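Down below is the structure, laid out as structure tokens.
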Amino acid sequence: MPRIACRLTPLALALLLGACASRPLPKYEKPLARARIQQVRTTAYTHSEADHIEYGRKNALGMRLNDTGVRSAAADWSRWPAGSVFLIVETGETYQVDDYGWALSGTNTIDLYKPSRAAMNAWGVKRVTIENILWGDVDKSLAILRGRSKYKHVRRMIDQIEDRYAALKKPLDEPMAAQAVAVKPLAAARSTPRSGVSLTPFQSAR
């Protein structure tokens with residue numbers, strides 16, 4: 462989940478930004494149709510990878526990455542806005558999108574946070590069925606991304622959000638879009654939550 466390191470020496474930062482400027486973005490994929498049930502390609506990442514060491518266990522919202530209860534996931538925020546919550550049908554695990562990454566921008570892949578390299582490698586790449594419990598807040602996602610628009614992968618997400626959402630005269634996929642203001646407990650989404658855990662509120666980055 463490469464988000465771009467920033468606390469580097471001036472020389473290292475210049476080299477990094479130069480590499481990023483020439484680094485090609487992932488091949489663009491047509492967005493999946495918004496639906497409660499989706500078939501999604503998933504990968505895995507962990508905080509000890511070279512491109513995440515700078516951030517440690519923090520996500521793109523400045524909060525701690527979670528590997529228990531409601532777990533952290535990274536995605537293109539124009540497809541699954543920050544705060545989106547989904548359940549992986551095959552495993553019964555619940556995830557909340559609180560991160561993004563270079564390799565995810567413009568794609569339909571979701572990156573699942575794992576607490577170790579062993580767990581990351583064990584997951585590998587899997588196509589799974591997800592149940593979207595809650596859509597995140599597009600406006601809050603856009604506000605966060607605009608403050609980081611110097612990066613190509615962030616600009617791509619911003620452009621997609623502005624193009625796709627502005628073209629619609631009504632909220633996406635009513636009534637699910639009506640849930641997008643704040644993350645609510647799973648109990649509010651179904652009478653008997655499968656995971657038995659509570660969700661943390663969606664907060665903007667500090």
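Be aware that the sequence shown starts at 462, since it is given in the numbering used here, and climbs by one per residue. Virtual Cβ for every residue (Gly too), placed ideally from N, Cα, C. Every value quoted in this text rests on a predicted model; they were computed, and no experiment measured them.
Practice task
Indicate the three-state DSSP secondary structure (helix, strand or coil) for residue 480 in the structure shown.
Solution key: Only weak support exists for where residue 480 lies, its pLDDT of 48 falling under 50; the value from the coordinates is given anyway. DSSP places residue 480 within a helical segment (H, G or I) once states are collapsed to three.
Exercise for the section: Consult DSSP for residue 577 and reduce its assignment to one of helix, strand or coil. Expected result: In the structure shown, residue 577 sits in coil (DSSP, three-state: anything other than H, G, I, E or B).
Exercise for the section: Count the C-beta pairs between the stretch 602-611 and the stretch 535-554 that are closer than 8 Å, then say yes if the count reaches three, no if not. Expected result: Yes, the stretch 602-611 touches the stretch 535-554.
Practice task
Check whether the Cβ atoms of residue 534 and residue 500 lie closer than 8 Å to each other.
Solution key: Going by C-beta atoms, residue 534 is not nearer than 8 Å to residue 500.
Practice task
Identify whether residue 598 lies in helix, strand or coil by the three-state DSSP scheme.
Solution key: Coil, per DSSP.
Problem - Given residue 509 as reference, the closest of 518, 619 and 503 once Cα atoms are compared - result: Minimum Cα distance to residue 509 is reached at 518.
Exercise for the section: Please classify residue 627: does DSSP put it in a helix, a strand, or coil? Expected result: Helix, per DSSP.
Exercise for the section: Look at residue 581 and residue 521 and say whether their C-beta atoms are less than 8 Å apart. Expected result: Taking 8 Å as the cut-off, the beta carbon of residue 581 is found no closer than this to the beta carbon of residue 521.
Problem - N-terminal and C-terminal residue of the beta strand (DSSP E) that residue 505 is part of - result: 498-506 is the span of the beta strand (DSSP E), which, as asked, contains residue 505.
Practice task
Consider the C-beta atom of residue 499 and the heavy atoms of the ligand NAD; say whether any pair is separated by less than 7 Å.
Solution key: Among the ligands in the structure shown, none appear at all, so the ligand NAD cannot be discussed.
Problem - Assumed close pair residue 444, residue 610 - CB separation to whole angstroms, cut-off 8 Å - result: Not covered by the structure: residue 444. The range shown for the chain is 462 to 667.
Problem - Beta carbon of residue 626 nearer than 8 Å to that of residue 599 - result: The answer is yes: Cβ separation under 8 Å.
Exercise for the section: State the DSSP-derived secondary structure class of residue 646, mapped to helix, strand or coil. Expected result: Note that residue 646 scores a pLDDT of 38, beneath 50, so its modelled location is shaky; the value from the coordinates is reported in the next line. In the structure shown, residue 646 sits in coil (DSSP, three-state: anything other than H, G, I, E or B).
Exercise for the section: Determine the burial state of residue 550: buried for a count of at least 16 other Cβ atoms within 10 Å of its Cβ, exposed for fewer. Expected result: Within a 10 Å sphere around the beta-carbon of residue 550 sit fewer than 16 other beta-carbons, which makes this residue exposed.
Exercise for the section: Less than 8 Å between the CB atoms is what I'm expecting for residue 574 and residue 528, so what's the real figure, rounded? Expected result: 6 Å between Cβ atoms; contact.
Handout entry: residue 533: first and last residue of the uninterrupted beta strand (DSSP E) it sits in
Key = Where residue 533 is concerned, the enclosing beta strand (DSSP E) stretches over 531-535.
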